[in-house]
Each structure stands twice: as structure tokens, then as C-alpha cells.
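Reading through the C-alpha cells given below for one structure.
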Amino acid sequence: MRSRIASGLLAALFIAGCASVPLRDVVPEQLVSEAEMPGLSQVRIWGDAGATEISKIMASEMPAIVTKYKERIARKEPLQSNILAISGGADDGAFGAGLLAGWGETGTRPEFDLVTGISAGALVAPLVFLGADYDDELASVFTTHEADDIFEANILEGLFGGAAVANSGPLAKLIDKYVDAELVRRVAEESDKGRLLIIGTTNIDAQRPVYWDMGRIAKSNSPEAVETFRKVLLASASIPGVFPPVHFKVSAGGKTYEELHVDGGATRQLFFSPSEFSFKALDRMVGKKIDRRLYIIRNGKIGPEWKATKETTLALAQRSLETLTKSQGIGDLIRAYAKAKEDKIDFNLIAIPDSFTAPRPGPFNPVYMKPLYDTGYALGKAGIEWAKAPPGLGSEPKTAAGKAPASAPATTVPAAAVPTPGKPEVSPSVASAPR
Numbered sequence: 011m012r013s014r015i016a017s018g019l020l021a022a023l024f025i026a027g028c029a030s031v032p033l034r035d036v037v038p039e040q041l042v043s044e045a046e047m048p049g050l051s052q053v054r055i056w057g058d059a060g061a062t063e064i065s066k067i068m069a070s071e072m073p074a075i076v077t078k079y080k081e082r083i084a085r086k087e088p089l090q091s092n093i094l095a096i097s098g099g100a101d102d103g104a105f106g107a108g109l110l111a112g113w114g115e116t117g118t119r120p121e122f123d124l125v126t127g128i129s130a131g132a133l134v135a136p137l138v139f140l141g142a143d144y145d146d147e148l149a150s151v152f153t154t155h156e157a158d159d160i161f162e163a164n165i166l167e168g169l170f171g172g173a174a175v176a177n178s179g180p181l182a183k184l185i186d187k188y189v190d191a192e193l194v195r196r197v198a199e200e201s202d203k204g205r206l207l208i209i210g211t212t213n214i215d216a217q218r219p220v221y222w223d224m225g226r227i228a229k230s231n232s233p234e235a236v237e238t239f240r241k242v243l244l245a246s247a248s249i250p251g252v253f254p255p256v257h258f259k260v261s262a263g264g265k266t267y268e269e270l271h272v273d274g275g276a277t278r279q280l281f282f283s284p285s286e287f288s289f290k291a292l293d294r295m296v297g298k299k300i301d302r303r304l305y306i307i308r309n310g311k312i313g314p315e316w317k318a319t320k321e322t323t324l325a326l327a328q329r330s331l332e333t334l335t336k337s338q339g340i341g342d343l344i345r346a347y348a349k350a351k352e353d354k355i356d357f358n359l360i361a362i363p364d365s366f367t368a369p370r371p372g373p374f375n376p377v378y379m380k381p382l383y384d385t386g387y388a389l390g391k392a393g394i395e396w397a398k399a400p401p402g403l404g405s406e407p408k409t410a411a412g413k414a415p416a417s418a419p420a421t422t423v424p425a426a427a428v429p430t431p432g433k434p435e436v437s438p439s440v441a442s443a444p445r
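Written out as C-alpha cells, the structure is:
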């Protein structure tokens with residue numbers, strides 16, 4: 011999807027190589043690691059940070075996290091922790107939203123101690139983090155909006171020196187609608203309970219992933235807290251070249267500079283912790299092994315998708331980008347699986363079923379998103395059969411006949427539970443969503 015709406019970008023790359031762009035004060039390379047948001051210190055970390063840096067920034071969060079688990083031990087409650095990682099996927103995010111809403115409808119969706127989101131997943135993450143109270147909004151985001159609510163085409167400006175081929179103003183307004191002061195206040199409250207909401211962006215100058223602690227932003231008491239919260243979500247969903255990058259003012263070396271942040275999917279399609287974070291170290295602080303379950307929602311298909319490709323420059327480049335994004339996503343799944351195995355975390359994965367074939371007339375089109383949402387909803391409500399490993403690395407879900415699907419992971423539910431593509435079945439959550 012990301013590459014489908016990037017077709018104009020490809021043309022821009024050939025035409026606008028020498029075009030002028032507005033000047034900004036770029037953070038010098040030697041100061042990149044010390045740059046911080048004024049009034050919002052230690053609200054973010056490099057996704058590839060080392061153990062020492064992680065320990066420093068997590069020091070402020072650890073007391074609440076450790077206290078939460080020790081209180082559970084004192085009450086003799088099961089010492090369990092649930093983690094949710096939601097991938098990018100543009101309009102494919104309708105799948106994850108539907109899956110979570112359907113799962114919530116069963117009453118079995120757990121409270122997640124850690125929720126992470128990238129791109130489309132970043133728009134879903136705050137809503138599921140806050141639980142069932144926001145399931146109507148979860149449905150509304152991907153079932154009541156279309157392309158005009160997400161972007162405004164700006165092809166000519168993008169082709170002749172602009173930052174992008176589309177204006178993300180409509181998306182910013184949509185985020186403003188859902189992310190109000192009350193939502194941010196609720197995130198702050200949950201953060202105080204030792205729960206974490208982390209959103210990923212990409213610092214495009216540094217070519218590095220950045221993970222933002224949204225709870226720290228929410229409870230910072232900064233007058234810019236709500237606006238910064240919204241900007242991080244917008245940046246995480248800003249596909250490079252399609253949407254303009256989001257500017258963040260930072261301080262470093264006694265001066266003010268501007269960073270450019272784009273879609274977190276440019277560096278990670280999904281994540282659930284910084285590379286060097288040790289869950290075992292947290293267990294030692296608690297004094298007991300925590301039983302952790304990781305749930306990953308991949309908003310996209312994992313198996314190969316055949317398509318006859320025209321022999322034109324743009325068609326070949328677009329198809330290559332689609333293939334690159336898919337391969338990157340599989341690599342990130344393998345990275346997450348290795349991390350889960352290392353820290354003895356139960357791994358669970360689901361992706362858009364290969365059987366889903368609704369037409370896609372254009373980006374963010376309800377003809378595609380509504381049946382995709384309903385497919386996810388049906389799977390979530392029927393009982394999700396999670397894959398226990400990425401493709402080729404372990405056991406896969408079985409079909410009714412006991413055979414592994416042709417491409418994993420796939421989820422098998424009764425045929426009647428899955429709506430026919432192109433004939434959306436309106437779920438209760440969709441029906442009750444604000445229009």
C-alpha cells in the first residue's frame with residue numbers, strides 16, 4: 011500500500027533532484043545523540059540504543075513498573091504481562107483495528123502492559139491502550155473515513171521541489187479529532203500505573219528509528235504535551251515523499267535546531283522494545299520471572315502476492331518497493347521472534363489472510379477498507395488462531411484438515427465467520443461507531 015500511493019514520488023525523484031527546498035537548522039552530526047525536546051526531556055530513545063542509554067531513560071519508568079508487579083505478587087495474582095505490537099500498513103490498518111475490536115467484543119482481549127505502534131499502527135495504538143472505552147473510535151478511524159480525510163493530492167508541487175506529493179493536513183485534522191486533551195490525560199493516568207505506550211518514528215537525517223514514550227509526554231505538564239502527542243502520531247504515519255516530514259524543534263549544544271521525522275516504517279515495520287532492552291533484567295528487579303505474551307498484528311499479507319508487472323520505469327519501481335516493504339516486514343518479524351525467544355516471551359502473530367481479495371480502487375477507499383475491517387473483526391470475534399513463529403521458523407496454525415497453510419501465518423476460522431470480500435458484513439462495532 012505504502013508503495014502504491016508513492017507512485018508520484020517516483021516521478022518526483024527523477025524530476026526534482028536539483029530543486030531548491032526551504033532551509034532549516036539541521037542538528038549537526040556530532041550533536042544528534044544529545045538533542046532533546048525543550049521542556050520534554052527523556053521522552054524518546056533511539057530504537058537501536060545500547061543498554062546503558064536504555065537504562066538511563068528507563069530509570070524514571072521502572073519504579074512504577076516494578077511496583078505494579080510486586081503488588082500483584084503481594085495479592086498472589088498470576089504474574090502475567092501482555093504486550094501488543096501493531097505494524098504499519100496504511101489502509102491495511104483496517105485489518106488490525108477490526109481484529110482488536112472483534113477480540114474486544116468477546117471480552118477476552120487482555121489489558122496490555124506495553125503497546126507499540128508504527129505508522130497505521132500508531133493511530134490504533136493509543137485507542138487499544140485505553141481499552142474497551144475506545145473501541146467505537148477504533149472502528150470509526152478505519153470505517154468512516156476515506157482518502158479525502160487522509161490526504162490532499164499536491165502532485166505538481168511535489169514534482170517541482172516540494173517536500174511531498176500530498177498534503178497531510180487532512181490526516182492531521184483527523185488525529186486532532188480523536189486525540190483530544192481527555193485522551194492524553196487518560197494515557198497519563200495509565201502510564202502512572204506502570205503501563206507503556208510507545209510509538210515509532212524515523213529520524214530521517216540520522217537514518218535511525220526513534221521510540222517515543224507517549225505516557226511521559228502525556229504526564230509532562232508541558233503546555234505542548236497534547237500537540238507533541240499528535241505530532242508524533244502524524245510523523246509515524248508520514249510516508250516519506252508522499253506526506254511531508256514532521257518538524258520537531260530540539261535543543262543541543264545550547265542551540266535550537268529542527269529534526270525531520272517520517273514514517274516509522276522507514277526503519278522498522280514493527281517493534282516491541284529497543285534492541286538491547288533486557289526483560290530478564292526487569293525480572294531480576296521484580297524478584298520473579300514474569301510470564302509474558304507478545305501479540306503481533308501485521309497489517310499486511312506475509313506470503314508472496316503475484317501480479318503481472320508492466321515493463322515501465324514507474325511500474326517496475328513501484329513493484330520493487332512493494333517487494334522491499336514486504337521483505338523488510340518479514341525481517342522485522344524474525345527480529346521480534348529472536349528477541350522473544352531470547353527473553354522467553356510467548357510469541358503470537360497474525361497477518362491479513364492470503365484469502366482476502368477485496369478490490370482496491372484506490373488508497374483509503376471504503377470499498378477495500380470496510381470488508382478488510384470486517385474480516386479482521388470476524389477473526390477476532392471467532393477466536394484468533396495465532397501463528398507461533400514467522401514463516402519458516404516454527405509451527406504454523408493448522409487448517410481444518412490438519413495441514414499447514416501455503417504461506418504463514420494464516421488464521422483459520424469457520425468460513426461463515428469471514429465476510430465475502432466486496433460484501434461487507436457490518437459488525438456491531440461498526441454499526442455503533444460515530445459517523
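Numbered by my numbering, the letters in the sequence shown go through residues 11 to 445 in order.
For glycine and all other residues, C-beta sits at the position ideal for the given N, C-alpha and C.
Everything numeric in this text was worked out from a predicted model, so none of it was measured.
Endpoints, alpha helix (DSSP H) assigned at residue i
i, result
"Phe-105", "103-116"
"Thr-385", "376-392"
"Glu-3", "Absent from the model: residue 3. The displayed extent of the chain is 11 to 445, so no value can be given."
"Lys-86", "No alpha helix (DSSP H) contains Lys-86, which DSSP labels as neither H nor E."
"Lys-265", "Segment 265-273 is the beta strand (DSSP E) holding Lys-265; no alpha helix (DSSP H) there."
"Leu-359", "Counting along the chain, Leu-359 falls outside any alpha helix (DSSP H), though it belongs to the beta strand (DSSP E) covering 356-361."
"Arg-196", "191-202"
"Ala-135", "130-139"
Nearest to residue i (by Cα), restricted to the options the options
i, options, result
"Lys-254", "Tyr-378, Val-37 and Leu-181", "Just to set this straight, residue 254 is Pro in the shown sequence, not Lys. Closest by alpha carbon: Leu-181."
"Ile-64", "Asn-231, Leu-133, Ser-43 and Glu-121", "Ser-43"
"Leu-133", "Leu-244, Thr-385 and Gln-328", "Leu-244"
"Leu-33", "Leu-137, Tyr-267, Tyr-79 and Lys-354", "Tyr-267"
"Thr-277", "Ser-230, Leu-359, Asn-92 and Pro-250", "Pro-250"
"Gln-490", "Thr-154, Asn-231 and Asp-215", "The requested residue 490 does not occur in the structure, where the chain is confined to residues 11 to 445."
"Gly-341", "Met-72, Ile-67, Gly-275 and Gly-49", "Gly-275"
"Arg-356", "Val-36, Asn-92, Arg-85 and Pro-38", "The question names Arg, but residue 356 is Asp in the sequence shown. Selected option, being the one with the closest Cα: Asn-92."
"Ser-248", "Glu-237, Lys-320, Val-272 and Gly-372", "Val-272"
"Leu-343", "Ala-399, Phe-258, Glu-321 and Gly-390", "Ala-399"
"Gln-279", "Ala-100, Ile-75, Ile-67 and Asn-375", "Ala-100"
"Pro-381", "Gly-57, Arg-54, Pro-88 and Ala-104", "Ala-104"
"Pro-363", "Ala-228, Ser-129, Asp-353 and Glu-395", "Glu-395"
"Leu-148", "Ala-135, Glu-156, Arg-345 and Ala-198", "Ala-135"
"Ile-55", "Pro-73, Ile-227 and Thr-116", "Ile-227"
"Glu-352", "Gly-117, Phe-289 and Ala-107", "Phe-289"
"Phe-282", "His-257, Ala-84, Asp-58 and Arg-85", "Asp-58"
"Val-189", "Lys-203, Glu-200 and Val-151", "Val-151"
"Ser-201", "Glu-121, Glu-269, Val-256 and Gln-217", "Glu-121"
"Arg-302", "Gln-90, Ala-84, Ile-67 and Val-53", "Gln-90"
"Lys-354", "Asp-293, Ser-261, Ala-84 and Met-379", "Asp-293"
"Thr-310", "Ser-97, Thr-385, Leu-304 and Ala-61", "First, the residue type needs correcting, since residue 310 is Gly and not Thr in the sequence shown. Nearest option by C-alpha distance: Ser-97."
"Asp-146", "Gly-112, Glu-156, Thr-118 and Lys-229", "Gly-112"
Where residue i falls, given that 16 or more other Cβ within 10 Å makes a residue buried
i, result
"Leu-326", "exposed"
"Gln-328", "buried"
"Phe-170", "The predicted position of Phe-170 is uncertain, since its pLDDT is 43 and thus under 50; a value taken from the coordinates is nonetheless stated next. Counting Cβ neighbours within 10 Å, Phe-170 comes out exposed, since fewer than 16 surround it."
"Val-36", "exposed"
"Pro-419", "The pLDDT assigned to Pro-419 is 39, lower than 50, so where the model puts this residue is not dependable; a value taken from the coordinates is nonetheless given after this. Buried, since its Cβ has 16 or more Cβ neighbours within 10 Å."
"Lys-391", "buried"
"Lys-241", "buried"
"Asn-358", "buried"
"Glu-332", "buried"
"Pro-233", "exposed"
"Gly-372", "exposed"
"Leu-389", "buried"
"Thr-116", "exposed"
Backbone secondary structure at residue i - three-state DSSP
i, result
"Ser-337", "helix"
"Gly-402", "coil"
"Glu-39", "helix"
"Arg-370", "coil"
"Thr-153", "helix"
"Gln-328", "helix"
"Thr-238", "helix"
"Glu-46", "strand"
"Pro-180", "helix"
"Ile-344", "helix"
"Thr-322", "coil"
"Phe-24", "Residue placement at Phe-24 cannot be trusted, given a pLDDT of 44 that sits under 50; the coordinates are not used to answer."
"Leu-280", "coil"
Opening and closing residue of the beta strand (DSSP E) in which residue i lies
i, result
"Thr-212", "206-213"
"Asp-293", "Per DSSP, Asp-293 belongs to no beta strand (DSSP E); it is in the alpha helix (DSSP H), 289-296."
"Ala-262", "256-262"
"Tyr-221", "218-223"
"Leu-304", "301-308"
"Ile-55", "54-56"
"Leu-94", "90-96"
### Message
Could you check whether the region 308-317 touches the region 334-342, counting it as contact only if at least three pairs of C-beta atoms, one from each stretch, sit closer than 8 Å?
### Response
yes
### Message
When you compare the region 140-156 with the region 213-223, are there three or more beta-carbon pairs, one atom per stretch, that lie closer than 8 Å?
### Response
no
### Inter-stretch contact at 8 Å, needing at least 3 Cβ pairs: the region 121-129 / the region 198-215
yes
### Query
Does the region 285-302 come close enough to the region 78-96 to have 3 or more Cβ pairs within less than 8 Å?
yes
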